[in-house]
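Everything below concerns the one structure shown next.
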Amino acid sequence: MIKETQNKPEQERKAEKAVLSGRQKLLIRAPRTIRIIGAIGIVFGGLMSFWCYRDYLNGNETASAGMSLGFLLIFGTMGLWLWCYGCRMLQVKGEEILFRDIFFRKHRYTLDDICSVRWNHDGFLFSGSTGKLFKIYGYCPDCKRLFELLEERGAQVDLPGRMFSPEQTAAVHPDPDKRRFLVRTSPWLPKEVSKIEVRGRQLAVSKLFRKEFTCSCLDVAKIQLKENKEGRLNARIYGGEGTCLAKVRTFSADASDMRCAFAFLRHMIELGIPVEGAEKTSEYVRCLLQNRFVSFSIGQSLFKEEYQRICPLLDRYAAVFSDLGIQMEYGPIDKEQKEELEKSLALEKITYDTFNRGFFICLQRDGQMLFDKKASLPLAEMVMLLAEAPEMGRGRREDRYLEDQGMAAVQNLLYFRPIPEIVIQQILEYFLNKVKKKQIHISDIKRDWS
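Following this line, the structure appears as structure tokens:
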């Protein structure tokens with residue numbers, strides 16, 4: 001559904017001002033459950049070790065000093081580690097940042113000391129001009145507020161789920177020689193690759209306990225794809241002699257491509273590397289492999305093809321809603337029509353800031369909009385198929401970085417991102433379920449967009 005959002009809601013602006021003025025602080029720490037489990041582990045390990053050693057001193061043959069030490073090391077050490085980890089803390093008050101690490105050491109920074117925030121496989125890495133500063137794990141509302149504060153100061157905040165983060169832009173650059181991005185794989189498995197760095201037509205492969213080696217993309221003989229029922233995609237990369245150079249794992253339903261695995265597959269396909277098994281994968285995979293920057297003319301033709309592909313599904317559900325006395329309106333829209341639709345629905349803004357072309361779905365009865373009775377949101381959806389590259393100049397540090405990542409080269413291009421039919425079907429099934437259960441109400445908002 002279309003959700004009511006604003007550029008910067010008044011409540012969030014007030015919260016940020018309160019943080020910067022020092023009247024309010026942001027506190028990011030591990031859940032209390034981790035400290036509780038750690039305390040239980042310490043107590044359990046200590047008691048079991050004590051009882052076992054006491055029985056050993058009393059002559060019990062089944063007890064031994066080794067068992068006592070084992071209980072202490074296994075449960076006590078694990079509990080102590082969880083307790084210390086749960087005590088890690090990041091506090092932001094005014095311009096000051098206080099970070100407490102696992103050894104209870106306190107480190108003090110300012111917001112301007114942080115130059116970049118980058119998502120890694122196990123958390124968010126904060127870096128300054130001198131290198132790594134600290135890392136936080138997990139994500140919470142205070143994290144989001146902190147990232148927004150850093151972005152306003154021009155820090156490079158590169159997070160998953162953003163269509164045009166600096167890393168994602170570097171991964172989909174139209175020139176293969178200028179693509180620079182990191183493919184995150186499985187860092188904890190010694191037999192598998194921990195990361196693959198794409199440097200244009202070169203690959204830097206790293207394995208646990210092994211030295212990094214560099215090879216050409218053309219040294220790859222083929223890539224074999226396999227997808228299981230849970231939606232996990234396994235990509236095996238084979239060299240010229242048939243040896244498996246690396247294995248990349250990712251979820252095919254992850255539309256944000258947080259690990260840049262699909263960006264890597266698209267890069268290899270463009271360089272002429274054969275990919276086996278792509279025809280046997282799900283529609284999610286096939287759509288993600290088509291994401292790319294295109295010219296305006298090519299983008300318009302791709303949009304028409306994609307919309308015509310989805311039209312039969314929309315026609316089928318329109319007939320179902322018609323039998324229930326509901327009119328389902330749908331059709332293509334551009335950027336100007338999107339703004340008119342937002343005004344008609346009394347919404348200030350939706351999340352698609354870079355919207356160029358797409359289509360809308362809207363339920364109504366006798367020209368009046370239908371709303372979800374519980375959520376008080378319109379039963380409508382706006383789907384983006386073509387996106388515009390964001391404008392440069394978002395911060396004092398960001399300008400130069402985006403230019404280095406090739407953002408200037410894509411300013412006049414459109415980003416094509418097809419959507420799987422199953423996603424549209426799930427949206428329509430949600431609407432249909434609301435109508436059948438009569439969890440709707442008819443609003444006074446009438447259709448007045450073209």
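Counting from 1, position 34 in the sequence shown corresponds to residue 34 in my numbering; the numbering is continuous, with no gaps.
The beta carbon of each residue, even a glycine, is placed where N, CA and C say it ideally should be.
Since the model is a prediction, treat every value here as computed from it, not as a measurement.
(1) Which parts of the stretch 81–111 are runs of the beta strand (DSSP E), unbroken and 3 residues or longer, counting only runs that do not cross its ends?
(2) I think L324 touches G358, with their Cβ atoms under 8 Å apart; what is that distance to the nearest whole Å?
(3) CA-CA distance, K437 and Y307?
(4) So, helix, strand or coil for Y56, using DSSP?
(5) Is L47 buried or exposed, if buried means 16 or more other CB atoms sit within 10 Å of its CB?
(6) Under a Cβ-count criterion, where at least 16 other Cβ atoms within 10 Å of its own Cβ denotes burial, should F296 be classed as buried or exposed?
(7) Spell out the partners DSSP gives D372 in its beta bridges.
(8) Per DSSP, what kind of secondary structure is V435 in: helix, strand or coil?
(9) Based on the DSSP output, what are the partners of D334 in its beta bridges?
(10) Whose C-alpha, out of F293, E96, I422 and L432, is nearest the C-alpha of E283?
(11) When we look at the beta-carbon of D257 and count the other beta-carbons within 10 Å, is it buried (16 or more) or exposed?
(12) Rank E270, R365, D175 and L27 by C-alpha distance to the C-alpha of I97 and give the top, closest one.
(13) Tell me the rounded alpha-carbon separation between A155 and C143.
(14) Does DSSP put S129 in a helix, in a strand, or in coil?
(15) Give the single residue among E388, Y330 and V410 whose Cα lies nearest to the Cα of L428.
(16) If you reduce the DSSP assignment to three classes, tell me which class E230 lands in.
(17) Identify, in the order they occur along the chain, each residue of the same chain with its Cβ nearer than 7 Å to the Cβ of G86, setting aside the five sequence neighbours on each side.
(18) Relative to the C-alpha of T130, which residue among K222, I361, D112 and F147 is closest?
(19) Counting only the same chain and skipping the five closest in sequence on each side, list residues whose C-beta sits under 7 Å from that of Y56.
(20) Using DSSP with H/G/I as helix, E/B as strand and the rest coil, what is A65?
(21) Put Q411 into one of helix, strand or coil per three-state DSSP.
(22) For C260 and R184, which I take to be in contact (beta-carbon distance under 8 Å), what is that distance rounded to the nearest angstrom?
(23) Given a threshold of 16 other Cβ atoms within 10 Å of its Cβ, counted over all protein chains shown, does Q11 qualify as buried or as exposed?
(24) Q483: buried (16+ other C-beta within 10 angstroms of its C-beta) or exposed?
(25) Would I419 pass as a contact of I310 if the rule is Cβ separation under 9 Å?
(26) CB-CB under 7 Å to E239, same chain, minus the five flanking residues each way: which ones, in chain order?
(27) For L379 and K335, I'd like the C-alpha separation in whole angstroms.
(28) With a CB to CB cut of under 6 Å and the five nearest residues on each side skipped, what residues in its chain are close to D315?
(29) Over the uninterrupted beta strand (DSSP E) stretch that includes I28, give me the two end residues.
(30) Does the distance from the CB of C84 to the CB of F103 come in under 9 Å?
(31) By Cβ distance, which residues of its chain are closer than 6 Å to L125, with the 5 residues on each side in sequence left out?
(32) Counting C-beta neighbours from all protein chains within 10 Å, is the total for L73 16 or more, i.e. buried, or is it exposed?
(33) Let's test the definition: count the other Cβ atoms within 10 Å of the Cβ of C215 and tell me whether it reaches 16, buried, or not, exposed.
(34) Within a Cβ cutoff of 6 Å, which residues of the same chain sit near A389, ignoring the five residues on either side of it in sequence?
(35) Looking at the secondary structure, which residues open and close the beta strand (DSSP E) in which C287 lies?
(36) Taking the straight line between their C-alpha atoms, what separation do you get for Q91 and R108?
For this structure:
(1) The DSSP assignment places 89–93, 96–100 and 106–110 as complete runs of the beta strand (DSSP E) inside the stretch 81–111, in order along the chain (cut-off: 3 residues).
(2) The residue given as residue 324 occupies position 324 in the sequence shown. The residue given as residue 358 occupies position 358 in the sequence shown. Here L324 is actually not in contact with G358; their C-beta atoms are around 26 Å apart, not less than 8 Å.
(3) Locating residue 437 in the sequence shown gives position 437, counting from the first residue. Locating residue 307 in the sequence shown gives position 307, counting from the first residue. The C-alpha of Y307 is placed about 30 Å away from the C-alpha of K437.
(4) Against the sequence shown, residue 56 aligns to sequence position 56. Three-state DSSP puts Y56 in a helix.
(5) Residue 47 sits at position 47 when you count from the first residue of the sequence shown. Around the beta carbon of L47, a 10 Å sphere encloses fewer than 16 other beta carbons of the protein chains shown; the residue is thus reported as exposed.
(6) Taking the first residue of the sequence shown as 1, we reach residue 296 at position 296. Flag for F296 reads exposed.
(7) Position 372 of the sequence shown, counted from the first residue, corresponds to residue 372. Per DSSP, the beta-bridge partners of D372 are I440.
(8) For this step, residue 435 is matched to residue 435 along the sequence shown. Looking at V435 - three-state DSSP - the assignment turns out to be helix.
(9) Position 334 of the sequence shown, counting from 1, holds the residue named residue 334. According to DSSP, D334 bridges with R357.
(10) For this step, residue 283 is matched to residue 283 along the sequence shown. When only C-alpha atoms are compared, the closest one is I422.
(11) As a first step, residue 257 is located in the sequence shown; it is residue number 257 there, counting from the start. Classification of D257: buried, given that the 10 Å Cβ count is 16 or more.
(12) As a first step, residue 97 must be located in the sequence shown, where it is residue number 97. Ranked by how close their Cα comes to the Cα of I97, the residues E270, R365, D175 and L27 have L27 in first place.
(13) As a working mapping, residue 155 is identified with position 155 in the sequence shown. As a working mapping, residue 143 is identified with position 143 in the sequence shown. A155 and C143: Cα-Cα distance of roughly 14 Å.
(14) Taking the sequence shown and counting its residues from 1, the one referred to as residue 129 is at position 129. S129: coil per DSSP, three-state reduction.
(15) Looking up residue 428 in the sequence shown gives position 428. Per the Cα distances, Y330.
(16) The count along the sequence shown starts at 1 and reaches residue 230 at position 230. E230: coil per DSSP, three-state reduction.
(17) If you number the sequence shown from 1, residue 86 lands on position 86. Contacts found: A30, I34, R35 and G38.
(18) The count along the sequence shown starts at 1 and reaches residue 130 at position 130. When each option's Cα is compared against that of T130, the closest is D112.
(19) The residue given as residue 56 occupies position 56 in the sequence shown. Here Y56 has A63, S64, A65 and S68 as same chain residues with Cβ atoms under 7 Å from its own Cβ, once five neighbours each way along the sequence are excluded.
(20) Within the sequence shown, numbered from 1, the residue matching residue 65 stands at position 65. A65 carries a helical assignment under DSSP once its states are collapsed to helix, strand and coil.
(21) Residue numbering aside, residue 411 sits at position 411 when the sequence shown is read from its first letter. It is coil, neither helix nor strand.
(22) Your numbering for residue 260 matches position 260 in the sequence shown. Your numbering for residue 184 matches position 184 in the sequence shown. The C-beta distance from C260 to R184 rounds to 7 Å, short enough to meet the 8 Å contact threshold.
(23) Stepping through the sequence shown from its first residue, residue 11 is reached at position 11. At Q11, the pLDDT of 48 sits below 50, so the modelled position is not reliable and the matter cannot be decided from this model.
(24) Limits of the chain in this structure are 1 at one end and 450 at the other, which puts residue 483 out of reach.
(25) As a position in the sequence shown, residue 419 is number 419, starting the count at 1. As a position in the sequence shown, residue 310 is number 310, starting the count at 1. Judged by their CB atoms, I419 and I310 are nearer to each other than the 9 Å cut-off.
(26) Here residue 239 refers to the residue found at position 239 of the sequence shown. The residue you asked about is not Glu; residue 239 is Gly in the sequence shown. Apart from the 5 residues on each side of it in sequence, G239 sits with its Cβ closer than 7 Å to the Cβ of D219, V220, A221 and L245 in its chain, given in chain order.
(27) Locating residue 379 in the sequence shown gives position 379, where the first residue counts as 1. Locating residue 335 in the sequence shown gives position 335, where the first residue counts as 1. Whole-angstrom Cα-Cα distance: 20 Å.
(28) Reading the sequence shown from its first residue, position 315 is the one you call residue 315. Once the five neighbours on either side are set aside, D315 has no close Cβ partner at all.
(29) Here the question's residue 28 lines up with position 28 in the sequence shown. For I28, the enclosing beta strand (DSSP E) has its first and last residue at K25 to R29.
(30) The residue you call residue 84 lines up with position 84 of the sequence shown. The residue you call residue 103 lines up with position 103 of the sequence shown. Closer than 9 Å, so yes.
(31) Residue mapping note: residue 125 aligns to position 125 of the sequence shown, counting from 1. Cβ neighbours of L125 beyond the five flanking positions: R118 and K135.
(32) Numbered from 1 along the sequence shown, position 73 holds the residue referred to as residue 73. An exposed status is given to L73, since fewer than 16 other beta-carbon atoms sit within 10 Å of its beta-carbon.
(33) Position 215 of the sequence shown holds residue 215. That one is exposed.
(34) Position 389 of the sequence shown, counted from the first residue, corresponds to residue 389. Closer than 6 Å at Cβ, skipping near neighbours: V410 and Q411.
(35) Here residue 287 refers to the residue found at position 287 of the sequence shown. Per DSSP, C287 belongs to no beta strand (DSSP E); it is in the alpha helix (DSSP H), E283 to L288.
(36) On the sequence shown, residue 91 is found 91 positions in, with the first residue counted as 1. On the sequence shown, residue 108 is found 108 positions in, with the first residue counted as 1. Between Q91 and R108, the C-alpha separation is close to 10 Å.
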